[in-house]
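Asker: Under our numbering, the letters of the sequence shown match residues 4 to 360, in that order. Glycine included, each C-beta is placed from N, C-alpha and C at the ideal position.
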Amino acid sequence: MTENYAPLGCLKGVRVVDLTQFEAGPTCTEALAWLGAEVVKIENPKSGDPGRRIAASDPKNPDSFYFKILNANKKSATVDLKTARGVELVKELVKKADVFAENLAPGTIERLGLGYDVLKEINPGIIYCQVKGFGEGSPYEKSLAFDMIAQASGGTMSVTGYPGDPPAKPGCTIGDTGTGMLMAISVLGALYEKKATGKGRRLQLAMQDSVMHYIRTSFAVMNQQGNKQAAPRMGAQSTSGAPAPCGIYPTKPFGYNDYVYIFCSRANPEHWTRLLKVIGREDLIDDPRFATNEERNKNEDFINEVITEWTKNHTKVEAMQIIGAAGVPAGAIHDTLELQKDESFQKRGIMQTMHHP
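(1) Assign F257 to buried or exposed, taking buried as 16 or more other Cβ atoms, counted over all protein chains shown, within 10 Å of its Cβ.
(2) In the structure shown, what three-state DSSP assignment does L368 receive?
(3) Within its chain, find whatever has a CB closer than 6 Å to the CB of D338; leave out the 5 residues flanking it on each side and keep chain order.
(4) Can you check whether the CB of T159 is closer than 8 Å to the CB of P169?
(5) Assuming V102 and V17 form a contact by the criterion Cβ under 8 Å, report the distance between their Cβ atoms to the nearest whole angstrom.
(6) Give the range of the beta strand (DSSP E) segment to which L206 is assigned.
(7) Could you say which of L279, I310 and R269 lies nearest to T295 if we only look at CA atoms?
(8) To the nearest angstrom, how far is it from the Cα of Q227 to the Cα of T182?
(9) Closer than 6 Å by C-beta to M320: which residues in its own chain qualify, once you throw out the five before and the five after it? Chain order, please.
(10) Just to confirm, are V134 and A36 a CB contact at a threshold of 8 Å?
(11) Could you give the residue range of the alpha helix (DSSP H) that holds A34?
(12) If you drop the 5 nearest sequence neighbours on each side, which residues of the same chain put their C-beta closer than 8 Å to that of E402?
(13) Who are the near neighbours of W275 in its chain, counting only those whose CB is closer than 6 Å to its CB and skipping five residues on each side?
(14) For P142, which three-state DSSP category applies?
(15) Please name the residue in L22, A108 and G128 whose C-alpha comes closest to that of Y195.
(16) Since W293 is in the beta strand (DSSP E), which residue starts that stretch and which ends it?
(17) Pull up the distance between the alpha-carbon of T81 and that of K49, whole angstroms please.
(18) D101: beta carbon under 7 Å from a heavy atom of the ligand NAP?
(19) Pick out whichever of K15, H358, I288 and F25 has its Cα sitting closest to the Cα of D179.
(20) If I'm right that S79 touches E46 with Cβ under 8 Å, what's the distance once you round it to whole angstroms?
(21) Let me make sure I understand the geometry here. Which of T176, R205 and D150 has the alpha-carbon closest to that of L117?
(22) Where does I129 fall in DSSP's three states?
(23) Under a Cβ-count criterion, where at least 16 other Cβ atoms within 10 Å of its own Cβ denotes burial, should L342 be classed as buried or exposed?
(24) With 16 as the cutoff for other CB atoms within 10 Å, does E297 come out buried or exposed?
(25) How would you call K98, buried or exposed, if buried means at least 16 neighbouring beta carbons within 10 angstroms?
(26) Rounded to whole angstroms, what's the CA-CA distance from P246 to Y264? Just pull it up for me.
(27) Which runs of the alpha helix (DSSP H), 4 residues or longer, sit entirely within the region 292-322?
(28) Suppose contacts are defined by Cβ-Cβ distances below 8 Å. Is Y131 in contact with G203 by that definition?
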């Protein structure tokens, strides 16, 4: 399994029949597998999960790293669902399963003869979960969706980017992985319910709906403004409009990701005072231009210049450590390579070495 981590057994004895592919569905079933469930992943015998070929780095290795990080701890079986025998094999598995999961194109699972009504007759206790691009009743319910489509239609792109610039796609795949994790939570709730009632249920989660869940604060901002206009793009600032300083500041040696994020909370005025002491600008503590959050926002450009004068003399890690030690929220902008090489993640089991057969 892993070299650094003792797997959890919370879901020991739970059986999952997994017909998911790509990222959103596999994220859900992998989370269940990490918690100890027995997950049997069913794939097309000719091509397998299409995710096996995404971001492949070795043409001789059929399994990409993308696929491996989304399907850890699962068992694998190939079944031709276009044959009557293949469908019957899946039904046999469902008879002894607790969970059935799928995220195939709209209507596909029903055409295969594996819809909820069919499997419920076979196993009344089955928890039948479906990840879709768009929910039933949506004008787009028959449309295909991937992460970027979910993020476009679910609103995240509209609030990502800088004012005056076009919408941007966030670097994380919350349309996929975010949806999968919400579905995993839903499955856990259904499993808990089943212990009391013995009954299963149908769970369906749309990627568009899930993405909307992750921009709740943007809806709060819109409400604060009277619901008269859409939530704005805020660049690197807080979605809810935190007072200055709040943003990214350059650090040495001024590389592609050499920045530190500094945040002075609206709820704690002491953050501002502490920051001024750290950067050696105690002379500004009683300056009326910065006496309130509103005044600081009016003088944001000057504040950013003052902070940059200090940050540019430190590395991002130094800046994070020094400012953080003073009780002010700060975070170095770590890139993926830095995170992967950080030994602390390996020691804590966050980054793990997996053995792939």
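Answerer: The short version:
(1) The residue given as residue 257 occupies position 254 in the sequence shown. Under this definition F257 is an exposed residue.
(2) The requested residue 368 does not occur in the structure, where the chain is confined to residues 4 to 360.
(3) By one-based count along the sequence shown, residue 338 stands at place 335. These residues qualify, in order along the chain: N260.
(4) Indexing the sequence shown from 1 puts residue 169 at position 166. Indexing the sequence shown from 1 puts residue 159 at position 156. In this structure, T159 does not lie closer than 8 Å to P169 by Cβ.
(5) Looking up residue 102 in the sequence shown gives position 99. Looking up residue 17 in the sequence shown gives position 14. V102 to V17, Cβ: 7 Å. Contact.
(6) Your numbering for residue 206 matches position 203 in the sequence shown. It spans R204 to A209 - the beta strand (DSSP E) in which L206 sits, taken as one unbroken run.
(7) If you number the sequence shown from 1, residue 295 lands on position 292. Of L279, I310 and R269, the residue nearest in Cα terms is R269.
(8) Counted from its first residue, the sequence shown places residue 227 at position 224. Counted from its first residue, the sequence shown places residue 182 at position 179. For Q227 and T182, the distance between alpha carbons rounds to 27 Å.
(9) The count along the sequence shown starts at 1 and reaches residue 320 at position 317. The residue asked about is misnamed: residue 320 is Val in this sequence, not Met. Result list for V320: A335, in chain order.
(10) Within the sequence shown, residue 134 is the residue found at index 131, counting from 1. Within the sequence shown, residue 36 is the residue found at index 33, counting from 1. It is not a contact, given that the beta carbons lie outside the stated cut-off.
(11) Residue mapping note: residue 34 aligns to position 31 of the sequence shown, counting from 1. A27 to W37 is the span of the alpha helix (DSSP H), which, as asked, contains A34.
(12) The question about residue 402 has no answer here: the residues shown for the chain are numbered 4 through 360.
(13) Position 272 of the sequence shown, counting from 1, holds the residue named residue 275. Contacts found: C267.
(14) Here the question's residue 142 lines up with position 139 in the sequence shown. Residue state, collapsed to three classes: coil.
(15) One-based indexing of the sequence shown puts residue 195 at position 192. Minimum Cα distance to Y195 is reached at G128.
(16) Against the sequence shown, residue 293 aligns to sequence position 290. Residue 293 is actually Phe in this sequence, not Trp. Note, F293: premise wrong, no beta strand (DSSP E); not H, not E.
(17) Counted from its first residue, the sequence shown places residue 81 at position 78. Counted from its first residue, the sequence shown places residue 49 at position 46. Rounded to whole angstroms, the gap between the alpha carbons of T81 and K49 is 9 Å.
(18) In the structure shown, the ligand NAP is absent, as is every other ligand, since no ligand is present at all.
(19) The sequence position of residue 179 within the sequence shown is 176, counting from 1. D179 has its Cα closest to that of F25, out of K15, H358, I288 and F25.
(20) To locate residue 79, count along the sequence shown from 1; it is residue 76. To locate residue 46, count along the sequence shown from 1; it is residue 43. The pair is a contact, with the Cβ atoms about 7 Å apart (cut-off 8 Å).
(21) Sequence index remark: in the sequence shown, residue 117 carries index 114 (1-based). L117 has its Cα closest to that of R205, out of T176, R205 and D150.
(22) Numbered from 1 along the sequence shown, position 126 holds the residue referred to as residue 129. In this structure, I129 counts as coil in the three-state DSSP scheme.
(23) Residue numbering aside, residue 342 sits at position 339 when the sequence shown is read from its first letter. Under a 10 Å Cβ-count criterion, L342 is classified as exposed, with fewer than 16 other Cβ atoms of the shown protein chains found around its own Cβ.
(24) The residue labelled residue 297 in the question sits at position 294 within the sequence shown. Looking at its Cβ environment, which holds fewer than 16 other Cβ atoms inside 10 Å, E297 is exposed.
(25) In the sequence shown, the residue the question calls residue 98 occupies position 95. It counts as exposed.
(26) On the sequence shown, position 243 is the one that residue 246 refers to. On the sequence shown, position 261 is the one that residue 264 refers to. Taking the straight line from one Cα to the other gives about 14 Å.
(27) Listed in chain order, the complete alpha helix (DSSP H) runs (minimum 4 residues) inside the region 292-322 are 296-301 and 303-314.
(28) Residue mapping note: residue 131 aligns to position 128 of the sequence shown, counting from 1. Residue mapping note: residue 203 aligns to position 200 of the sequence shown, counting from 1. Against a cut-off of 8 Å, the Cβ pair of G203 and Y131 comes out as a contact.
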